[in-house]
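Comments concern the structure below.
4 protein chains.
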Amino acid sequence: MSGHHYGRAFALMREASAETWRDYTRHAFVEGLKDGTLPREAFLHYLRQDYVFLIHFSRAWALAVVKSETHDEMLTAVGTVNALVAEEMQLHVGICEAAGITQDELFATPERAENLAYTRFVLEAGYSGDLLDLLAALAPCVMGYGEIGSRLGAEATSDTYRDWIDTYAEGDYQSACQAVGDLLDSALTRRIGADFEASPRWDRLCHTFRTATELEVNFWQMGLTP
Amino acid sequence: MSGHHYGRAFALMREASAETWRDYTRHAFVEGLKDGTLPREAFLHYLRQDYVFLIHFSRAWALAVVKSETHDEMLTAVGTVNALVAEEMQLHVGICEAAGITQDELFATPERAENLAYTRFVLEAGYSGDLLDLLAALAPCVMGYGEIGSRLGAEATSDTYRDWIDTYAEGDYQSACQAVGDLLDSALTRRIGADFEASPRWDRLCHTFRTATELEVNFWQMGLTP
Amino acid sequence: MSGHHYGRAFALMREASAETWRDYTRHAFVEGLKDGTLPREAFLHYLRQDYVFLIHFSRAWALAVVKSETHDEMLTAVGTVNALVAEEMQLHVGICEAAGITQDELFATPERAENLAYTRFVLEAGYSGDLLDLLAALAPCVMGYGEIGSRLGAEATSDTYRDWIDTYAEGDYQSACQAVGDLLDSALTRRIGADFEASPRWDRLCHTFRTATELEVNFWQMGLTP
Amino acid sequence: MSGHHYGRAFALMREASAETWRDYTRHAFVEGLKDGTLPREAFLHYLRQDYVFLIHFSRAWALAVVKSETHDEMLTAVGTVNALVAEEMQLHVGICEAAGITQDELFATPERAENLAYTRFVLEAGYSGDLLDLLAALAPCVMGYGEIGSRLGAEATSDTYRDWIDTYAEGDYQSACQAVGDLLDSALTRRIGADFEASPRWDRLCHTFRTATELEVNFWQMGLTP
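Protein chains in written order, with this note's numbering: chain A, 10 to 235; chain B, 10 to 235; chain C, 10 to 235; chain D, 10 to 235.
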């Protein structure tokens with residue numbers, strides 16, 4: 010799993026955070042999804058927190074529309090907001106309802122500190138910086154789930170969490186990851202140049218990417234403790 | 010034309026800016042669209058500026074997604090961003106192409122000061138305030154065009170600008186105005202209460218609405234001088 | 010310790026979060042400062058994290074200047090930024106240097122997740138909302154330290170952490186707390202009215218205050234584990 | 010008047026907008042201040058608008074504190090906010106009072122469209138971009154007044170507007186211009202590198218600088234028509 014198919018910048022950022030990236034994409038929670046040993050209670054707890062997460066993550070993608078400088082940048086960001094608000098959030102509502110969690114209960118989920126830390130970090134990076142700072146904070150979630158979905162789609166030994174895995178393994182989600190990878194590459198090239206990794210900003214952008222990845226690790230860890 | 014069908018808050022804000030509202034919705038530019046006497050050159054100049062306007066206006070609606078506090082608020086704002094970015098901007102591209110203005114020329118339109126003043130005012134009101142401050146700045150454009158389209162749909166004595174008029178007279182656009190009116194009412198009620206016009210904030214919100222209306226007047230005036 | 014001397018709104022918000030407020034202002038870390046049993050290593054660890062905290066907290070107070078609507082609001086916020094950037098941050102530099110931590114080491118302190126969560130929450134509340142949302146997130150830190158300083162100034166049974174205690178117990182800091190309390194009251198009255206606690210917004214503002222208080226508890230807890 | 014003493018980036022940006030810069034710094038309003046032929050009514054009208062301008066310009070400098078990434082960046086920005094809020098705004102209050110305009114009248118000055126356009130452009134550039142975008146929008150006002158003050162200090166043939174000229178000709182203001190010029194150079198170098206003018210971002214930053222300069226021209230023009 011090289012990550013190169015999500016674009017050049019992502020592959021470089023992922024490499025610069027290799028160890029943390031592994032902690033995130035091979036977390037015990039993920040392995041529990043793969044072999045079906047993850048307790049149902051933990052999964053549902055995670056799903057409810059992830060619903061709250063998606064509210065703020067959608068807001069952060071809407072901020073990417075605000076921070077766009079070209080029509081193409083706007084279109085990709087708008088497409089992502091749509092996919093999140095109209096589809097992914099509905100998916101969570103559906104799975105939760107099937108598990109006996111009503112929509113009202115879902116909406117009323119109290120936000121855990123690990124959840125809050127992550128989304129506020131992403132939003133603040135976006136508000137205080139430009140589109141690059143925001144994309145560096147958004148990328149680990151988008152592409153990490155793409156990578157996890159792709160791997161578990163091939164390696165899963167249980168059907169327990171098949172629906173969840175398929176969501177991120179399938180073509181639509183993988184295409185979205187590629188679109189975001191292309192956006193990251195083109196936004197960097199437009200603002201910094203083709204050799205963006207030689208810019209003084211690069212280290213800071215990689216640092217933002219790594220912090221977001223660490224916050225993903227904390228999020229999985231939180232998922233294990235309902 | 011009472012404006013009441015776009016919600017209670019809009020009707021009150023419109024009434025509080027009655028004279029300026031009239032200057033805006035009955036501007037010479039508008040009357041020229043109605044009877045077909047508006048010079049083609051002025052119309053195309055306006056259309057190109059309006060394209061640049063829509064870029065920033067879409068960004069402002071995306072900011073409304075960021076500033077939303079409920080799923081319903083998010084959905085209405087996302088729907089408006091979509092309509093603007095995917096549809097209304099394409100409409101301008103189409104009309105301009107039919108008039109011999111290429112997409113490249115359209116994209117390269119230098120922004121006039123009256124245009125810049127308006128969109129930056131709206132965006133800054135949104136960034137510095139909450140959703141209410143932003144909606145008060147967004148409403149005059151959305152509903153004013155609805156009201157103009159509705160009136161000209163009934164009163165136009167020429168078919169010269171029929172396509173433009175129909176865009177804003179027809180059901181889709183009128184429904185969007187009602188959705189934004191409902192959003193304004195519910196966002197005010199949620200944050201201030203049902204008697205929002207008794208709040209100390211009301212005057213300031215009406216002032217924002219009036220300033221945006223004045224900037225609409227300046228925009229039409231700019232349209233008359235290519 | 011009623012808190013009433015820091016203004017009416019603060020007293021009400023504090024009351025609405027009574028239990029969490031107690032967890033914060035009577036945390037084991039605080040009691041260790043009082044009787045001198047807090048390990049030196051924990052104190053210095055806390056101080057370094059608090060330096061990083063103050064960078065972002067100062068940025069949040071600068072955002073309060075941006076979000077001000079009156080000259081008086083601006084003056085109080087500017088005064089607070091000055092006190093933080095020019096004085097309180099220097100105090101930390103001084104204590105750390107005396108303890109053998111160079112300024113370079115201090116600047117290079119890696120930010121802990123509990124620290125990041127808190128400041129990004131405050132900044133995002135300010136960016137996404139208006140001055141009231143921001144002040145509700147800023148108040149627990151300002152006034153909590155005022156209350157702790159005042160109590161420990163009277164109750165401390167050891168001189169080990171006397172310098173730290175005096176900073177927050179003394180007149181300058183207590184005056185700053187009163188100025189912020191007055192700002193909170195007047196900003197609420199200006200925007201909502203004198204009976205601000207009857208407004209639908211009040212619950213949300215109290216929720217922001219409580220979340221910030223919970224993040225203070227987490228910060229002390231982090232301080233205990235270098 | 011080369012402008013080089015306000016730093017390298019400023020000299021380059023100024024050169025890239027040479028004609029507009031000349032329109033701004035040699036505007037008829039400025040020449041009227043130099044030879045004393047500017048009508049008193051126009052000067053007082055300008056001064057009242059400039060007071061409203063300074064409120065929002067101070068907010069924009071506070072935003073520069075929020076967008077800072079180093080302690081040095083914060084210190085320069087905080088120093089500028091202080092100078093604006095505590096000193097320059099008071100100067101305007103004093104001159105206006107001496108001219109029979111009470112503080113209440115001054116505060117109640119209705120904002121002209123040319124004024125609003127400028128400050129909202131600067132604030133929005135700062136909110137949507139990073140510190141570089143904000144500084145490129147702030148520089149023309151700061152350094153332009155420095156250059157005008159310096160030239161008129163040497164060339165003025167009348168004492169009518171001597172107080173105003175001295176404010177910007179004297180050492181304190183000139184030092185502030187140098188500090189802002191240094192901040193611009195170091196912020197660019199930190200984020201882009203020493204050859205910042207070779208970056209793809211440079212054109213956009215120069216465009217922001219030029220737009221702000223055009224808005225200064227419009228502001229002087231507005232000053233001539235009370």
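In this text, a Cβ means the ideal position worked out from N, Cα and C, and glycines have one as well.
Being a predicted model, the structure only gives us computed values, none of them experimental.
Task: Interface flag, residue 90 of chain D vs chain A, CB-CB below 8 Å - done: Proximity of residue 90 of chain D to chain A, defined by a Cβ-Cβ separation below 8 Å, is not satisfied.
Task: residue 201 of chain B in three-state terms, based on DSSP - done: Looking at residue 201 of chain B - three-state DSSP - the assignment turns out to be coil, as it is neither helix nor strand.
TODO: Identify the contact partners of residue 119 of chain B in chain C, using a Cβ-Cβ distance below 8 Å as the criterion.
DONE: The premise fails here: residue 119 of chain B is roughly 29 Å from chain C at the closest Cβ pair, so nothing lies under 8 Å.
TODO: Taking residue 139 of chain B as the query, report the chain C residues whose CB atoms sit under 8 Å from its CB, ordered along the chain.
DONE: What residue 139 of chain B touches in chain C, judged by beta-carbon distance under 8 Å, is 137, 138, 139 and 142, going in chain order.
- [ ] Report yes if the C-beta distance between residue 151 of chain D and residue 105 of chain D is below 8 Å; otherwise report no.
- [x] For the pair residue 151 of chain D and residue 105 of chain D, the CB atoms are not nearer than the 8 Å cut-off.
- [ ] Spatial neighbours of residue 36 of chain B within its chain, please: CB distance less than 7 Å, with the 5 preceding and 5 following residues excluded, ordered by chain position.
- [x] The residues are 226 and 229.
Open item on the list: Using 8 Å for Cβ pairs, my map puts residue 143 of chain B next to residue 68 of chain B. What's the rounded Cβ distance?
Closed with: Taking a contact as a CB-CB distance under 8 Å, the pair residue 143 of chain B and residue 68 of chain B does not count as one, their CB atoms being some 11 Å apart.
Open item on the list: Out of A/173, A/23 and A/94, which one is the CA nearest neighbour of residue 222 of chain A?
Closed with: Checked all of A/173, A/23 and A/94; the closest Cα to residue 222 of chain A is A/23.
TODO: For the alpha helix (DSSP H) holding residue 158 of chain D, just list the boundary residues, first then last.
DONE: Element bounds for residue 158 of chain D: 140-164.
Task: For residue 96 of chain D and residue 175 of chain D, the rounded distance between their alpha carbons - done: It is roughly 14 Å from the alpha-carbon of residue 175 of chain D to the alpha-carbon of residue 96 of chain D.
- [ ] Confirm, please, whether the CB-CB distance from residue 16 of chain D to residue 190 of chain D is below 8 Å.
- [x] Annotated as proximal: residue 190 of chain D and residue 16 of chain D, with beta-carbon spacing under 8 Å.
TODO: Name, please, each residue of chain B whose Cβ falls closer than 7 Å to the Cβ of residue 71 of chain A.
DONE: Scanning chain B for C-beta atoms nearer than 7 Å to the C-beta of residue 71 of chain A yields 71, 74 and 75, reported in chain order.
Task: Contacts that residue 147 of chain B makes with chain A (C-beta to C-beta distance below 9 Å) - done: Simply none; closest approach about 13 Å.
Open item on the list: I want to know whether the segment 84-94 of chain B touches the segment 79-95 of chain A - three or more CB-CB distances under 8 Å.
Closed with: Taking 8 Å as the limit for Cβ pairs, the verdict is that the segment 79-95 of chain A does touch the segment 84-94 of chain B.
Open item on the list: Rounded to whole angstroms, what is the Cα-Cα separation between residue 217 of chain B and residue 232 of chain D?
Closed with: Going by the C-alpha atoms only, they are around 24 Å apart.
TODO: Give the DSSP-derived three-state secondary structure of residue 207 of chain D in the structure shown.
DONE: DSSP, reduced to helix, strand and coil, places residue 207 of chain D within a helical segment of the structure shown.
Task: 8 Å Cβ cutoff, residue 207 of chain B in contact with chain D - done: No, its Cβ sits nowhere closer than 8 Å to a Cβ of chain D.
Task: Under 9 Å from the C-beta of residue 68 of chain C: neighbouring residues of chain G - done: The structure shown contains no chain G; its protein chains are A, B, C and D.
- [ ] Starting from residue 130 of chain C, find everything on chain A with Cβ-Cβ shorter than 7 Å and list it in chain order.
- [x] In chain order: 125 and 129.
Open item on the list: So, for residue 54 of chain D: in the same chain, excluding its five sequence neighbours on each side, which residues have a beta-carbon less than 6 Å away from its beta-carbon?
Closed with: Once the five neighbours on either side are set aside, the close Cβ partners of residue 54 of chain D are 235.
Open item on the list: Measuring straight from C-alpha to C-alpha, what distance separates residue 102 of chain C and residue 39 of chain C?
Closed with: Using only the alpha carbons, I get a separation of about 21 Å.
TODO: Answer with yes or no whether the minimum CB distance from residue 87 of chain B to chain A is below 8 Å.
DONE: Judged by the 8 Å Cβ criterion, residue 87 of chain B is in contact with chain A.
- [ ] Decide if residue 138 of chain A is buried, meaning its Cβ has at least 16 other Cβ atoms within 10 Å, or exposed.
- [x] Burial call: buried.
Open item on the list: Let me confirm a value: residue 109 of chain C is counted as buried when at least 16 other C-beta atoms fall within 10 Å, else exposed. Which label applies?
Closed with: Only exposed fits residue 109 of chain C, as fewer than 16 other CB atoms lie within 10 angstroms of its CB.
Open item on the list: At the 8 Å Cβ level, is residue 94 of chain D part of the contact set with chain C, yes or no?
Closed with: At a cut-off of 8 Å between beta-carbon atoms, residue 94 of chain D makes contact with chain C.
Open item on the list: Does chain A have any CB closer than 8 Å to the CB of residue 221 of chain C?
Closed with: Using beta-carbon distances, residue 221 of chain C does not count as an interface residue toward chain A, since no partner is under 8 Å.
Open item on the list: Any beta carbon of chain C sitting closer than 8 Å to that of residue 218 of chain B?
Closed with: With its beta carbon at least 8 Å from every one in chain C, residue 218 of chain B lies outside the interface.
Task: Nearest to residue 159 of chain A (by Cα), restricted to the options A/56, A/61 and A/181 - done: Out of A/56, A/61 and A/181, A/181 has the C-alpha closest to the C-alpha of residue 159 of chain A.
Task: Cβ-Cβ separation, residue 63 of chain D to residue 98 of chain D (assumed contact under 8 Å), whole Å - done: About 5 Å; that satisfies the 8 Å criterion.
Task: Residues of its chain near residue 129 of chain B, where Cβ-Cβ distance is below 8 Å and the 5 sequence neighbours each way are ignored - done: Excluding residues within five positions, the ones whose Cβ falls inside 8 Å are 65.
- [ ] Can you say whether residue 163 of chain A is buried or exposed, counting buried as having 16 or more other CB atoms within 10 angstroms of its CB?
- [x] Exposed is the call here.
Open item on the list: Please identify the residue among B/122, B/220, B/177 and B/206 whose C-alpha is closest to the C-alpha of residue 20 of chain B.
Closed with: Checked all of B/122, B/220, B/177 and B/206; the closest Cα to residue 20 of chain B is B/206.
Task: residue 106 of chain A, DSSP secondary structure in three states - done: Residue state, collapsed to three classes: helix.
- [ ] Determine the direct distance from the alpha carbon of residue 165 of chain D to that of residue 172 of chain D, and round the result to whole angstroms.
- [x] About 12 Å.
TODO: Note down, in chain order, every chain D residue with its Cβ under 8 Å from the Cβ of residue 210 of chain A.
DONE: Per Cβ cutoff of 8 Å: 200 and 201.
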